[in-house]
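Novice: Attaching a single structure in structure tokens format; questions to follow.
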Amino acid sequence: MNRRRKDDWDTRIVDLVTAYETGEATAFLDMEAYHDLIEYYQNEEHFEKALTVARQACSQYRFSTDFYAQQAQLLIYTNRHSQALEILEQALSLAPGDFELNLLLAEVFIRTGKSQAGLALLAPYKLQASLEDLSEILLVESIAYERQGQYEHMFYALKAALEADWNNERALERVSLCTDFCRKHEEACTLYHKIIDEDPYNAFAWYYLGQALVYLRKFEEALEAYEYAFITDPDLEEAYLEFAELSFETHQPEKALETYNEMAERFGTDGDLLLRMGSCYHEMSQHETARAYLEQAARIEPHNDEVIFKIGECYAAQEKWSIARSFFEKAIRMNDEDENYYQALAEAAFATNDFSEAEKAYDTALDLAPDNSQMWLDIAWFYIEMLRPQEALNLLEEANETLYEAELEYSYIACLFSNGQRKEGLAKLAEVLTENYLEHPYLFDWHPPLRSDAEVLALISLFRPQS
185 MNRRRKDDWD TRIVDLVTAY ETGEATAFLD MEAYHDLIEY YQNEEHFEKA
235 LTVARQACSQ YRFSTDFYAQ QAQLLIYTNR HSQALEILEQ ALSLAPGDFE
285 LNLLLAEVFI RTGKSQAGLA LLAPYKLQAS LEDLSEILLV ESIAYERQGQ
335 YEHMFYALKA ALEADWNNER ALERVSLCTD FCRKHEEACT LYHKIIDEDP
385 YNAFAWYYLG QALVYLRKFE EALEAYEYAF ITDPDLEEAY LEFAELSFET
435 HQPEKALETY NEMAERFGTD GDLLLRMGSC YHEMSQHETA RAYLEQAARI
485 EPHNDEVIFK IGECYAAQEK WSIARSFFEK AIRMNDEDEN YYQALAEAAF
535 ATNDFSEAEK AYDTALDLAP DNSQMWLDIA WFYIEMLRPQ EALNLLEEAN
585 ETLYEAELEY SYIACLFSNG QRKEGLAKLA EVLTENYLEH PYLFDWHPPL
635 RSDAEVLALI SLFRPQS
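The opening position of the sequence shown corresponds to residue 185 in the numbering used here, with each subsequent residue numbered one higher.
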């Protein structure tokens, strides 16, 4: 399928679609008009309408294999392989050696579990194919590898397809899909750079480069790639979105907000975009402005629990705990399976001296996310604040049996000291320092008196790595 943007259609095609849909242009259309209608509908993702037009074109131009091919392609795309096979058999009776029809037939074979038959059908064409045709053959071969779970072979088939024809958009889209499976992100980046060298204005190559760079944790380079993607194609909405989200995640809310504003101007606003904009203002500590955006989002999507939760976070940041608590409770009524909501409710309940409710909320959060080390740490801290150090020690001992986090280990050691188990604390500290020396300041966060404990300081000095 082509990737033509929705706003790219010229007036002639819009007029043609209008005439077709109002019944003014159904008596007789020339071949070009049918092709335009099919392309329009498939790019707008109105596949049933595209199929209807393709069927009409086949009945009117029954000896034109192009319309049979388009109809078969749409049927394959919508997973109606038996119908596609029937159409291709009809078309091949008219043109048995047609390359495009045999290519589609091979794809149907492969998608219905007959990979060997499909590959055998392509073999004769592969020997004498042009580079463009070879690219299409390799693309179909990649589907066979995908169905067999051979993602590395799939990657290299698609790489070869693109090297044969850098303009093969379908191969470019598919190579991005298989990169995560076979972890070929470095090679994918090299491939995308080659495509960009050939065509610097290939927005999707820039976009997929950005995705691969994110996986490699090269965030600034990824941001640059996403930015080039929407500069070269100002209608590539997903590139704006990825750029803004990555900016936010890398603690650049101003940059994210600027991009969301640009998206609002170009594509319009909805509840999700207002939520993202409000989150940026919250991150920038502009909580009143954040709430204004979030309240707009809530009016558009009144059942969106994340919006309600974010409004609560704004009130919490202003230490308006009672109001924050009411929003957290409302978010939980809407979605009682998000541990973050309970964690926030526990903090708000603690701040309003409702310790029973705080403990209950912490326990629920931990039940929902037992693998989240922060949940264990929060509850342990709560027990310490409640002057229940033995319960904190027991909890952290349980956490350390299954989770391996430096702060969990050092907080446990701190609790040993605060519970008077000095000998055990020193022994455990010596053990943990050998593995996680650099994280030892956590010890002092959890039990500040240890900052002046000579024996503890001597032990830390003993395990200091040699420079």
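Beta carbons are placed, not taken as given, at the ideal position from N, Cα and C, and that holds for glycine.
Quick check on K612: does DSSP put it in helix, strand or coil?
Specialist: In this structure, K612 counts as helix in the three-state DSSP scheme.
Novice: So for M468, helix, strand or coil by DSSP?
Specialist: M468 falls in the coil class under three-state DSSP.
Novice: Are A583 and W560 close, meaning C-beta to C-beta below 7 angstroms?
Specialist: Result yes, Cβ atoms of A583 and W560 sit closer than 7 angstroms.
Novice: DSSP state of P649, grouped into three classes?
Specialist: In this structure, P649 counts as coil in the three-state DSSP scheme.
Novice: Any idea if H377 is buried or exposed, counting beta-carbon neighbours within 10 angstroms, 16 or more meaning buried?
Specialist: The residue is exposed, with fewer than 16 neighbouring Cβ atoms inside 10 Å.
Novice: Based on Cα-Cα distance, which residue from D349, R196 and L342 lies nearest to R358?
Specialist: If we check each option's Cα against that of R358, L342 comes out closest.
Novice: Ordered along the chain, which non-local residues of its own chain (more than five positions away) have a Cβ less than 8 angstroms from that of N286?
Specialist: Contacts found: L276, L305, L306 and Y309.
Novice: My understanding is that A515 touches A508, with C-beta atoms under 8 angstroms, so please give their C-beta distance in whole angstroms.
Specialist: That pair is no contact at about 11 angstroms.
Novice: Let me check understanding here. Comparing Cα to Cα, which of S463, L552 and A345 lies closest to A313?
Specialist: The option with the nearest alpha carbon to A313 is A345.
Novice: Beta carbon of A423, beta carbon of F432: below 7 angstroms?
Specialist: Contact: no.
Novice: Can you have a look at A528 and say buried or exposed, based on whether 16 or more other CB atoms are within 10 angstroms of its CB?
Specialist: Flag for A528 reads buried.
Novice: L627 and A598: beta carbons closer than 7 angstroms?
Specialist: Contact: yes.
Novice: Do A268 and S299 have their beta-carbon atoms positioned less than 7 angstroms apart in this structure?
Specialist: No. Outside cutoff.
Novice: Excluding sequence positions up to five away, which residues of its chain have a Cβ less than 8 angstroms from the Cβ of L303?
Specialist: The answer, listed in chain order, is A290, I294, E325 and A328.
Novice: Helix, strand or coil: how does DSSP classify E670 here?
Specialist: Outside the modelled stretch of the chain, which goes from 185 to 651, sits residue 670, for which no answer is possible.
Novice: Measuring only the C-alpha atoms, how far is N351 from A389?
Specialist: Distance between the alpha carbons of N351 and A389 is about 10 angstroms.
Novice: Taking C362 as the reference, which of L323, N386 and S469 has the closest Cα?
Specialist: It is L323 whose Cα lies nearest to the Cα of C362.
Novice: Could you check whether A234 and Y218 sit closer than 7 angstroms to each other, using their CB atoms as the reference points?
Specialist: Not closer than 7 angstroms, so no.
Novice: Can you name, in chain order, every residue of its own chain whose Cβ lies under 7 angstroms from the Cβ of M215, other than the five neighbours on each side?
Specialist: Excluding residues within five positions, the ones whose Cβ falls inside 7 angstroms are Y245 and S248.
Novice: Exposed or buried, which one is R517 when buried takes at least 16 other CB atoms within 10 Å?
Specialist: With fewer than 16 other Cβ atoms within 10 Å, it is exposed.
Novice: Looking only at C-alpha atoms, which of A614, F339 and R354 sits nearest to C366?
Specialist: Closest by alpha carbon: F339.
Novice: Cα-Cα, which of D250, F231, Y526 and Q255 is closest to R239?
Specialist: Considering only alpha carbons, the answer is Q255.
Novice: Can you grab the Cα-Cα spacing for the pair L459 / S469, in whole Å?
Specialist: Spanning the two alpha carbons is a distance of roughly 15 angstroms.
Novice: For F512 and P554, I'd like the C-alpha separation in whole angstroms.
Specialist: Using only the alpha carbons, I get a separation of about 21 angstroms.
Novice: Could you have a look at Q502 and say whether DSSP puts it in helix, strand or coil?
Specialist: Three-state DSSP puts Q502 in coil, outside helix and strand.
Novice: I think L315 touches A348, with their Cβ atoms under 8 angstroms apart; what is that distance to the nearest whole Å?
Specialist: That belief holds up - the Cβ atoms of L315 and A348 are roughly 5 angstroms apart, short of 8 angstroms.
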